[in-house]
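Enquirer:
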Amino acid sequence: MAVLKVTFTKTKRDKLAQVLWVLNWVSVITGVTLFSLGLFLKVEILKRQEVMSDDIHPVPNMLIGVGLCACGINFLGGKICYDCVDTTKFLRWKLIMLPYIICTFFFTFCILVGALMCCFMHHELERSLYQGLHNAMRYYKDTDIPGRCYLKRTVDMLQLEFQCCGNGGYRDWFHIQWISNRYLDMSKSEVVDRLRSNIQGKYLMDSVPFSCCNTFSPRPCIQHQVTNNSAHHNYDYQTEELNLWQKGCRQALLEYYTNIMQSIAIIVITIWLFELFVLTGVRYLQTAMENVVQLGDPDSESDGWILENSLSETARYNFNVIKNLGKCCHVGDDPNIDVPSIDPGQNIQETGPSRQIPLPK
Amino acid sequence: MTLMKIKFTFQKRVRLAQGLWLLSWAAMFSGVVVFSMGVFLKTELLRRSEVMHTDDIHVVPNLLMLVGLASVGINLCAGRICQDSMDVARFARWKTFLTPFFIGSLLFTTMLLVTMILSYALQSSLEESLKIGLKNGIRFYKDTDTPGRCFQKQTIDHLQMELQCCGNNNFRDWFEVQWINNRYLDFTCKEVKDRVRSNVDGRYLMDGVPFSCCNPASPRPCIQEHILDNTAHHNYDYQSEELNLYKRGCREALVSYYIGLMNTIGPGVLSVFMVQMSMLASLRYLQTAMVGVEAEDMEVETEGYILEKGLKETLEEAKENLKMLLHLNKGQVEDESAETEGDAEAGASE
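So the sequences go chain by chain: X and F. The opening position of the first sequence corresponds to residue 196 in my numbering, with each subsequent residue numbered one higher. The opening position of the second sequence corresponds to residue -5 in my numbering, with each subsequent residue numbered one higher.
#1: Please return the same chain residues whose Cβ sits closer than 8 Å to the Cβ of X:MET332, not counting the five positions on each side in sequence.
#2: With a threshold of 8 Å, are at least 3 pairs of Cβ atoms found where one atom belongs to the region 42 to 59 of chain F and the other to the region 93 to 103 of chain F?
#3: Check whether the Cβ of X:LEU258 lies closer than 9 Å to any Cβ atom in chain F.
#4: Excluding sequence positions up to five away, which residues of its chain have a Cβ less than 7 Å from the Cβ of F:ASN224?
#5: Taking 9 Å as the cut-off, decide whether the C-beta atoms of F:LYS129 and F:LYS136 are in contact.
#6: Between the Cα of F:CYS144 and those of F:THR3, F:GLU44, F:PHE34, spot the shortest distance and give me the residue it belongs to.
#7: Cα-Cα, which of X:THR202, X:ILE306, X:TYR378, X:GLY443 is closest to X:GLY226?
#8: Using a cut-off of 8 Å between C-beta atoms, extract the partners of F:THR225 located in chain X.
#9: Taking F:MET155 as the reference, give the member of F:VAL108, F:ASN164, F:ASN209, F:VAL28 with the closest Cα.
#10: What in chain F is Cβ-close to X:MET352, meaning under 7 Å?
#11: Within 10 angstroms of its Cβ, does F:HIS321 collect 16 or more other Cβ (buried), or is it exposed?
#12: Out of curiosity, what's the CA-to-CA distance linking X:ARG550 and X:THR509?
#13: At least one CB of chain X closer than 9 Å to the CB of F:MET155: is that the case?
#14: Could you tell me if X:ASP538 is buried or exposed, where buried requires 16 or more neighbouring beta carbons within 10 angstroms of its beta carbon?
#15: Please report the distance separating the alpha-carbon of F:GLY254 from that of F:LYS89.
#16: Please list, in chain order, the residues of the region 146 to 175 of chain F that have any C-beta partner in chain X closer than 9 Å.
#17: Figure out for me which residue from X:GLN244, X:PRO255, X:ASP431 has the closest Cα to the Cα of X:GLY327.
#18: Check the Cβ of X:ASN429 against every Cβ in chain F and list those closer than 7 Å, keeping chain order.
#19: Under the rule that 16 or more other beta-carbon atoms within 10 Å means buried, what is X:GLU470, buried or exposed?
#20: Name the residues in the region 496 to 507 of chain X whose C-beta lies less than 9 Å from a C-beta of chain F; which are they?
#21: Residues in the same chain with beta-carbon distance under 8 Å from F:PHE2, minus the five sequence neighbours each way, listed in chain order, please.
#22: Any beta-carbon of chain F closer than 9 Å to the one on X:THR338?
#23: Spatial neighbours of X:GLN544 within its chain, please: C-beta separation below 6 Å, excluding the five flanking residues on both sides.
#24: Do F:THR37 and F:SER65 have their C-beta atoms closer together than 9 Å?
#25: Check for me: the alpha helix (DSSP H) holding X:GLY521 runs from which residue to which?
#26: According to DSSP, simplified to helix, strand and coil, what is X:ASN542?
#27: Is there a Cβ from chain X that is less than 9 Å from the Cβ of F:PHE205?
#28: Closest to F:ILE132 by CA distance: which of F:ASP50, F:ASP151, F:ILE75, F:PRO215 is it?
#29: Would you mind reading off the limits of the alpha helix (DSSP H) that contains F:GLU185?
#30: Helix, strand or coil for F:GLU297, going by three-state DSSP, please let me know.
#31: Please classify F:SER99 as buried or exposed, where buried requires at least 16 neighbouring CB atoms within 10 angstroms.
#32: In chain X, what lies closer than 9 Å to F:ASP188 by C-beta?
#33: With DSSP run on the structure shown, which of helix, strand or coil describes F:PHE382?
#34: Could you give the distance in angstroms between the alpha-carbon of X:ASN454 and the alpha-carbon of X:CYS313?
#35: So F:ILE97 is in the alpha helix (DSSP H); what residue range does that whole segment cover?
#36: In the DSSP assignment, what are the bridge partners of X:PHE203?
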């Protein structure tokens, strides 16, 4: 009982082949789209590499690889479908078509995996950003140490662009020394007191860099003595919301990347569905063409199907094939191997009928 | 003495028509390009309209958009005309339309040159407009509670951060205005009162700048207050310190940005002008070449020219025609008034 059997006349077959040829070329373009989406994501991640600690490159690399493969596979598919209009040309591809369909079917899973990876990267990204931002803020003051001298600029530009402050919030700046010792007057008692006030000897204060300032605030920015209400006229830091950026940079970047990846995931899933659709068409074309070749008359009607027998039968059949393939390796038990029965006085006879391993259609 | 006469065989005419059709499509696309350049320039000017005092410079993108649209129409017509030139009967219906069409197209094409000249001529007006606009923006920076001016602070802050500039000419412009609102000044404090009394207008002036003047590329945390006071900060000399604040003034930054834009658009407009003029010249040749062609004999050899007589003679002829037209009108009006008088008299006598 064939699964989803459809009868094809000659004209229907030809039209199917032509449509599939066009669709395969459209799929090549979608493969290029996949590739460029992966490239875009890679560039976006590389741009902020300085505030990320781990390598989250597997996702864009996967998309790039899948995109390139999709181009190649669909190009081949287009060639095959183009040749399917003519029965003689089809015979060239006859042996390749089924492996091609199986490979493409498994390849579409790779596309789906790519889409799912985009959705589930959230946790890893957050961890990476937390660590990266923590380090960047710690080395903010080290503008004289090679290898770290651009971190101040990077963090400032990041806070200005994404309208955020600190890792989780602006208070993160209170826990680190972000002013280099070169610019601290060690002869002043106030500075020395502050340095002595904590175990690690760091110059900590309740101030933030200028890049945390909120441009939408109606009053000039208060960056120093942020939690000291008496230091500023008509100011209450607990109710004041517009003075500094309230969002942490980790959250801002996470939202940014999550948006990008959600859009990419939606596009990739659409492309996956399209690929499955094209693959179904190619399967129908393959089965219809094979039946035509079997019938002998190129102009006759033929049937096309997804599977020749029902799903359970096909699964059982293939399972047996795989089992027998496995049995091939055990020499003693194989009934196909001629084991002459040693019987004194009798001629050596062949035992057991020879059975051939049936090939799947 | 015909101007630039060329002989045209039938083959040459056909080739001219084909070439002209392609050229008209190329000119149409360049017209679209001119239109989009006008739109782009206008949006860029509108983005910073809050720091511009006058609108004079907007005439450049407006003209570009107008000429772009006109050129699309002109070139579509030209394409149609040269398609019809293969058939004498169809071409005949364009005959009366062609001369006014040429005059109109020439006018619009010269407007391209005029636009280019204007873009250079109006640069000083743009600079003046920006100078006044920025001065006002800086003056009203503190008025975040006054309706109509409450967004000036935001505008100026974003401008300074985006264009990496500070103040009108430089950062010292901020020392001359009070950019902190009185609401945030503690008038019970002695220091504040002294500062307010220290100048004639009673403004709170100081050698400090807003945070948006800070340069992120500076190796040290930004010094925005007591900028001219070396003793207020450790290891600091304001005269040698270059990276602390943005050195450039916002007027200079904006002017150079817009001049850069218009210098990029200039050569584009010039090349569109060339393409359009060559299209019009080819069309003129086709029109004059088709004059001698009859319906029965398409293969006859004809002559094409730019002007039938020399330039001076053509201009004089045009002047005469115009005078005649005006006199004719005047004469018609006089005749009509004479007639009505005659009728009135005849009516009165009856």
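A virtual CB, placed ideally from N, CA and C, is assigned to each residue, including glycine.
Expert: Taking the coordinates as given:
#1: Taken in chain order, the residues that qualify are VAL350, GLY361, ASN362, ASP367, TRP368, ILE371, TRP373.
#2: no
#3: no
#4: Same-chain partners within the cutoff: TYR230, ASP231, TYR232.
#5: Against a cut-off of 9 Å, the Cβ pair of F:LYS136 and F:LYS129 comes out as no contact.
#6: F:GLU44
#7: Considering only alpha carbons, the answer is X:ILE306.
#8: Those within 8 Å of F:THR225 in chain X number zero; the least Cβ separation is about 10 Å.
#9: F:ASN209
#10: PRO210
#11: exposed
#12: With a pLDDT of only 49 at X:ARG550, under the threshold of 50, the placement of this residue in the model should not be trusted; the figure read from the coordinates follows. Approximately 20 Å, taken between the alpha carbons.
#13: yes
#14: Residue confidence is low: X:ASP538 scores 49 on pLDDT, short of 50, so the model does not pin down where it sits. Its coordinate-derived value is still stated next. So X:ASP538 ends up on the exposed side.
#15: 45 Å
#16: LYS147, GLN148, ASP151, HIS152, MET155, TRP173, ILE174, ASN175
#17: X:GLN244
#18: By Cβ distance, chain F contributes ARG177, TYR178.
#19: With 16 or more Cβ atoms within 10 Å of its Cβ, X:GLU470 is classed as buried.
#20: Shown here is that no member of the region 496 to 507 of chain X has a Cβ falling below 9 Å from a Cβ of chain F.
#21: Shown here for F:PHE2: same chain residues with a beta carbon closer than 8 Å to its own, the five before and five after excluded, namely LEU10, TYR279, ALA283, GLU295, THR296, GLU297, GLY298 in chain order.
#22: yes
#23: Since pLDDT at X:GLN544 reaches only 44, below the 50 mark, its modelled position is unreliable, and no value is offered.
#24: Between F:THR37 and F:SER65, the gap from beta carbon to beta carbon reaches 9 Å or more.
#25: First-last of the alpha helix (DSSP H) with X:GLY521: 506 to 523.
#26: Bear in mind that the predicted position of X:ASN542 carries a pLDDT of just 46, short of 50, making it unreliable; the figure below should be weighed with that in mind. Reduced to three states, the DSSP call for X:ASN542 is coil.
#27: yes
#28: F:ASP151
#29: 184 to 191
#30: strand
#31: By the neighbour-count rule (16 or more Cβ atoms within 10 Å), F:SER99 is buried.
#32: The premise fails here: F:ASP188 is roughly 16 Å from chain X at the closest Cβ pair, so nothing lies under 9 Å.
#33: With chain F covering only -5 through 344, there is no way to say anything about residue 382 of chain F.
#34: 10 Å
#35: Residues 89 to 115.
#36: X:SER497
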